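Q:
Residue numbers (the numbering used here), protein chains in the order written: chain F, 638 to 807; chain Y, 1324 to 1491.
1. If you drop the 5 nearest sequence neighbours on each side, which residues of the same chain put their C-beta closer than 6 Å to that of residue 702 of chain F?
2. Which residue comes first and which comes last in the alpha helix (DSSP H) that contains residue 1469 of chain Y?
3. Please work out which residues of its chain come closer than 6 Å, Cβ to Cβ, to residue 774 of chain F, disregarding the five sequence neighbours upstream and downstream, and give them in chain order.
4. Give a yes or no on whether the minimum CB-CB distance between residue 760 of chain F and chain Y is below 8 Å.
5. Between which two residues does the alpha helix (DSSP H) holding residue 1339 of chain Y run?
6. Do you know offhand how far residue 1337 of chain Y's Cα is from residue 1359 of chain Y's?
7. Would a check of beta-carbon distances place residue 738 of chain F closer than 8 Å to chain Y?
8. Start and end of the alpha helix (DSSP H) containing residue 660 of chain F?
9. Would you call the CB atoms of residue 1376 of chain Y and residue 1450 of chain Y closer than 8 Å?
10. Under 7 Å Cβ-Cβ, which residues of chain Y neighbour residue 678 of chain F?
11. By the 10 Å Cβ neighbour count, where 16 or more other Cβ atoms means buried, how is residue 1427 of chain Y classified, buried or exposed?
12. Buried or exposed, going by whether 16 or more other CB atoms sit within 10 Å of the CB of residue 699 of chain F?
13. So the alpha helix (DSSP H) residue 1349 of chain Y belongs to, where does it begin and stop?
14. Give the DSSP-derived three-state secondary structure of residue 724 of chain F in the structure shown.
15. Quick check on residue 1379 of chain Y: does DSSP put it in helix, strand or coil?
16. Say whether chain Y places a C-beta atom closer than 8 Å to the C-beta of residue 685 of chain F.
17. With 8 Å set as the bound, which would you pick, yes or no: does the beta-carbon of residue 1376 of chain Y sit closer than that to a beta-carbon of chain F?
18. I'd like to check one pair, residue 1366 of chain Y with residue 1402 of chain Y: are the Cβ atoms closer than 8 Å?
19. Please tell me whether residue 800 of chain F has its Cβ less than 8 Å away from any Cβ of chain Y.
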């Protein structure tokens, strides 16, 4: 695909992939892990509270973690686009990548849904969490688990990126 | 200690466990996947407690968080201890000689000492009674900041394993 080849040949993509700079591939990959920690980590913690862990904690204040989760999201969207651009011709045609995108999209949409429909209810903490809320929390946990596994398996399944002798196939 | 770990790493190479890992191509990808799942669980729970102590989501009382974070944090840590050991056993001498790996272990040790200090100095007990909208004491904030810094450092050194060292 010409677009993917063009993307991969951009000077920035080449530098990330072949520049052998600490600030290229290694740093971007670390930021992708850090973003995972904040976005998936805090989302998982919130899901567990919805499912009844530490049920004496009020739920509404958890809304305050959203800005940090969105920072995690944007760090990962940016670093993810850069990592994809660096290896566009292999990663973008790898089915595992699209499985990861599917899981991630659903997990992020669930965060939106929880925020819009769930946290906006001022009586949230004075009543039992509806079954729907628990179902969303379970689905969210499933999606983050799926996204993480698919993300890792991109290095093993389908067309694997990375030039011979280069370290960017991790 | 150094030579014991070196000998242990060389010994690991000749164990059935090592043979099992290198002859089954799925073990390393599976271990790595669960290592990241353990990371998300542990960092999420530890982050919840540390961030609250630092003043995020102040409407949350700290006591109930401090009760569950050690449990689920330990579950995440155990997942990573087991999967981490499997990864180590798959290529023990490489990890033993990997500078990034040594830094990672040092940061885990320091994070453990920080947690130990959190308990023995009575800080953990003190924050248990910090209710909604109350500030955590300064020492608790210092320890929360140190914890976040150290665990992010652990992630950093883990990610640097193939780049500064030669893992995977």
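Ideal Cβ placement from N, Cα and C applies to all residues, glycine included. Computed from a prediction, not measured in an experiment: that's the story for all the values here.
A: Concretely, from the data shown:
1. Around residue 702 of chain F: 679.
2. 1461–1482 is the span of the alpha helix (DSSP H), which, as asked, contains residue 1469 of chain Y.
3. In chain order, 684, 687 and 688 place their CB closer than 6 Å to the CB of residue 774 of chain F, counting only its own chain and leaving out the 5 sequence neighbours on each side.
4. Cβ-Cβ to chain Y under 8 Å: no for residue 760 of chain F.
5. Residue 1339 of chain Y -> alpha helix (DSSP H) spans 1339–1346.
6. Their backbone Cα atoms lie some 28 Å apart in a straight line.
7. Not an interface residue.
8. From DSSP, residue 660 of chain F is part of no alpha helix (DSSP H); its letter is neither H nor E.
9. Result yes, Cβ atoms of residue 1376 of chain Y and residue 1450 of chain Y sit closer than 8 Å.
10. 1363, 1366, 1367 and 1370, listed in chain order.
11. It counts as buried.
12. In this structure residue 699 of chain F is buried. Its beta-carbon is surrounded by 16 or more other beta-carbon atoms within 10 angstroms.
13. Bounds of any alpha helix (DSSP H) do not take in residue 1349 of chain Y, whose DSSP letter is neither H nor E.
14. If DSSP states are grouped into helix, strand and coil, residue 724 of chain F belongs with coil.
15. Looking at residue 1379 of chain Y - three-state DSSP - the assignment turns out to be coil, as it is neither helix nor strand.
16. At least one chain Y Cβ lies under 8 Å of residue 685 of chain F.
17. No, no contact with chain F.
18. Judged by beta-carbon spacing, residue 1366 of chain Y lies beyond the 8 Å limit of residue 1402 of chain Y, meaning their Cβ atoms are not closer than that value.
19. Residue confidence is low: residue 800 of chain F scores 48 on pLDDT, short of 50, so the model does not pin down where it sits. Its coordinate-derived value is still stated next. Chain Y contact via Cβ: absent.
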